[in-house]
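Protein chains in written order, with our numbering: chain A, 1 to 480; chain B, 1 to 418. Note that beta-carbon positions come from the ideal geometry of N, C-alpha and C, so glycine has one too. Okay, so here's the structure we're looking at.
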């Protein structure tokens, strides 16, 4: 397989970069070692669009966060992804933390963050009545928002695919050689040749860079564990509630999600295995206890699931974005931990700029490039009249598969048939939320397996949860 | 579309309720069922043990369901299959949908809620570890093996000794899987005694009480679980952890009535049963809306679902004939005393002219205890029970002669004396 450009890693950065670069008249591929896009840090993080007061002024993190947050609403609009400008609050317990809020406020000013306000404990409880009585002050940031990171990624990858970008699954890069000025990637999906490589390999970006002899990046995995609470708890707070940040990150948060659940977490633990997203009882307990400190009514008893994600931590603490010192046609996009999601649209913009420079603008912009993605059908959000019309057109929309989230068969078929389509049960879940509700797929799981089997034309026992080895069923109980 | 009675759910509860209403003279009845056939969860319960009380016969789940489905077919009750109800509005208009008729609006005089229950998923537990395939609820596994004909696992650990867990231990063993153990976090089983004997003891499957699964292992497919003993506060005891190799973890950790529609319709829910608050006719607090079966309270035996649903069917018929009669009701609450977890019905209309049976579950296992029913401080009944367990439903009856004498200030309570 031969491409002008290959992007390694289909997380939120890689996919938004793919969308940006898909405007050029060239061949482009987006590859990932997993069975779908958004399978690394992207699928398991706080889903927050940060205002941008956390990062040290002058860093990429600071600049790209503020710029990314500015771009997020428009990006989401173009891609038809839910975005909510729900604002955020950093809360303080006691005098020392009140002082810390002032520092954050000052840093926000230095970073160019608009619309911030310092509030007293009483003022903040007026805004959010379920906050703890112990809270003594808060920093309100009106530009902060929430977005679903994997839906953003799926939409961006789909947009790129519509503009001609190939998405190659299960393509883990095992080595890279340079032959006649071209990168030759040895991957588990075969050999891929490309003149330019964008290394957006998430927690593995350091290993990928080292394949071309660039040992300048060192990434450690930092695990964060979360709870998702039932939608009945989704209105406990309307803003994202952070505790004061520490050296471990932005502290435990309590945040509504765009889908109406409540998210609690994360912890912050360094781990040796950058792919092992397990949780520990200690971490889950810590999340439960610490989040209750902010919002006493937020309880893990209402949890519908818990999970962890691994963030890409680098020693110097900033994103690593730019051409490798070893080879300028190899562009690193590494160390994208928080506020990576917020910054992602700006990261794509910056990488586009770097690419244009490195490629000396040799690729023309396609006349038919479309930066938007058509809105997928979301049955549960429609009016009855819209629903009637939809079912009349295609009866598959008349059959509810997931009761908890009211997802129809038609939507699931759409999710499978789209360009960057779902090929496993979790892929369906992330695209249309079937199985994402309170029964967690207890009822619809087997129906989704059936639909996948039918649409992909494979036996049901070859349908997987999230790719190779995660099959759900064994053999038939009886011979035919 | 207009119906006298809309029954939501075509499982054993919905069918019995509809049949009773028909028998009581209700004319236009429709059952809305989300699955492609009547019968509900009974269709996948291919083991026997159903109907011992009601039919005095030992039937399989599908056989039990079929008896009612056949009766339904012999009446003029309409049945809409593969049809999902998505809304009930203030005036008892029901919105449903399917892929033949699209969106369906039905004006109903009365509604019977019979949506059944769902299983508690893994996420509701404090369980750490990875999230591979091979972790599923026992009911999902039951569907895979009994309805679809596929093995969902080969080396199995079951968490939770509720009836479905016990049944699946036997089922998977018979299908050739190795069921390593059933773990139960409580010091007693949540299932029927007969199921422990017939499903575990007869197959030498160990039941570990006061034991839970604290973590899952394996990236793609489950490779094993860590189990641990728990203390009296149900917290894992450090040092008791043990690794058990398995490819499947089946969860039978509780059933939750599916009351999303009920809640959206503004009907009050009992905190303990997680079902609607009802009276002796299973009328909810919303006029013309009744509830029965597992959506009201999780039953141990389907026989009792049938009996309860007859009450709801009768109640709905009564309402359809004379809605105004319900305005004159005088309600007295039923109160749980020592050892009693909940009572259904939660309130009794003292104008009823029949005996009222109170169903309840105890909070813990009792041996040689007494169940005492009191009205206004007077003992109405005091019965000795050799064994009481949370896994089994109990009942006491208030005779109509006692109810006749009650006033709106009366108190009804049930308690256990060890």
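Checking contacts by CB at 7 Å: is residue i closer than that to chain A?
i	result
residue 271 of chain B	no
residue 57 of chain B	no
residue 252 of chain B	no
residue 175 of chain B	yes
residue 111 of chain B	no
residue 129 of chain B	yes
residue 99 of chain B	yes
residue 402 of chain B	no
residue 8 of chain B	no
residue 370 of chain B	no
List, in chain order, every chain B residue whose beta-carbon is nearer than 9 Å to that of residue i.
i	result
residue 440 of chain A	121, 122, 123, 124 and 137
residue 40 of chain A	Those within 9 Å of residue 40 of chain A in chain B number zero; the least Cβ separation is about 14 Å.
residue 222 of chain A	What residue 222 of chain A touches in chain B: nothing, since even the nearest Cβ is about 18 Å away.
To the nearest angstrom, report how far apart residue i and residue j are at their CA atoms.
i	j	result
residue 144 of chain A	residue 170 of chain A	35 Å
residue 148 of chain B	residue 38 of chain B	17 Å
residue 12 of chain A	residue 63 of chain B	52 Å
residue 49 of chain B	residue 40 of chain A	48 Å
residue 323 of chain A	residue 329 of chain A	7 Å
residue 207 of chain B	residue 86 of chain A	49 Å
residue 216 of chain B	residue 13 of chain B	37 Å
residue 323 of chain B	residue 109 of chain B	9 Å
residue 256 of chain B	residue 91 of chain A	36 Å
residue 130 of chain B	residue 250 of chain B	15 Å
residue 334 of chain B	residue 40 of chain B	30 Å
residue 119 of chain B	residue 158 of chain B	14 Å
residue 179 of chain B	residue 345 of chain A	50 Å
residue 25 of chain A	residue 167 of chain A	17 Å
residue 237 of chain A	residue 442 of chain A	28 Å
residue 261 of chain B	residue 307 of chain B	23 Å
For residue i, which residues in chain B fall below 8 Å Cβ to Cβ?
i	result
residue 200 of chain A	What residue 200 of chain A touches in chain B: nothing, since even the nearest Cβ is about 23 Å away.
residue 460 of chain A	148 and 150
residue 445 of chain A	136 and 140
residue 300 of chain A	126
Would you mind telling me which residues of chain A sit closer than 8 Å to residue i, beta carbon to beta carbon, in chain order?
i	result
residue 145 of chain B	477
residue 132 of chain B	465 and 470
residue 172 of chain B	Ordered by position in chain A, no residue passes the 8 Å Cβ test against residue 172 of chain B, which lies about 10 Å from the chain.
residue 154 of chain B	474
residue 82 of chain B	399
At what residues does the alpha helix (DSSP H) containing residue i begin and finish?
i	result
residue 69 of chain A	60–79
residue 294 of chain A	281–294
residue 303 of chain B	302–321
residue 101 of chain A	95–111
residue 203 of chain B	Note, residue 203 of chain B: premise wrong, no alpha helix (DSSP H); not H, not E.
residue 165 of chain B	163–174
residue 155 of chain B	It is not in any alpha helix (DSSP H) - residue 155 of chain B instead sits in the beta strand (DSSP E) that spans 155–159.
residue 260 of chain B	260–264
residue 2 of chain B	That residue, residue 2 of chain B, is in no alpha helix (DSSP H); its beta strand (DSSP E) goes 2–8.
With residue i as the anchor, note down where its beta strand (DSSP E) starts and where it stops.
i	result
residue 458 of chain B	A question about residue 458 of chain B goes unanswered here, because the residues of chain B that appear run from 1 up to 418.
residue 384 of chain B	378–388
residue 23 of chain B	First-last for residue 23 of chain B: 12–23, but that is the alpha helix (DSSP H), not the beta strand (DSSP E).
residue 2 of chain A	2–8
How about residue i: is its C-beta nearer than 7 Å to some C-beta of chain B?
i	result
residue 391 of chain A	yes
residue 284 of chain A	yes
residue 257 of chain A	no
residue 305 of chain A	yes
residue 474 of chain A	yes
residue 395 of chain A	yes
residue 279 of chain A	yes
residue 384 of chain A	yes
Note down, in chain order, every chain A residue with its Cβ under 7 Å from the Cβ of residue i.
i	result
residue 102 of chain B	388, 391, 392 and 398
residue 214 of chain B	281
Can you list the residues of chain A that residue i reaches, using a CB-CB cut of under 9 Å?
i	result
residue 220 of chain B	464, 465, 466, 467, 468, 469, 470 and 471
Run down chain B in chain order and give the residues with a C-beta less than 7 Å from the C-beta of residue i.
i	result
residue 406 of chain A	86
Whole alpha helix (DSSP H) elements within the region 119–198 of chain A, 4-residue minimum: 121–127 and 149–162
Entirely enclosed alpha helix (DSSP H) segments - the region 320–379 of chain A, minimum 4 residues: 340–358
Runs of beta strand (DSSP E) wholly within the region 89–160 of chain B (minimum 3 residues, chain order): 93–98, 102–113, 117–119, 135–137 and 155–159
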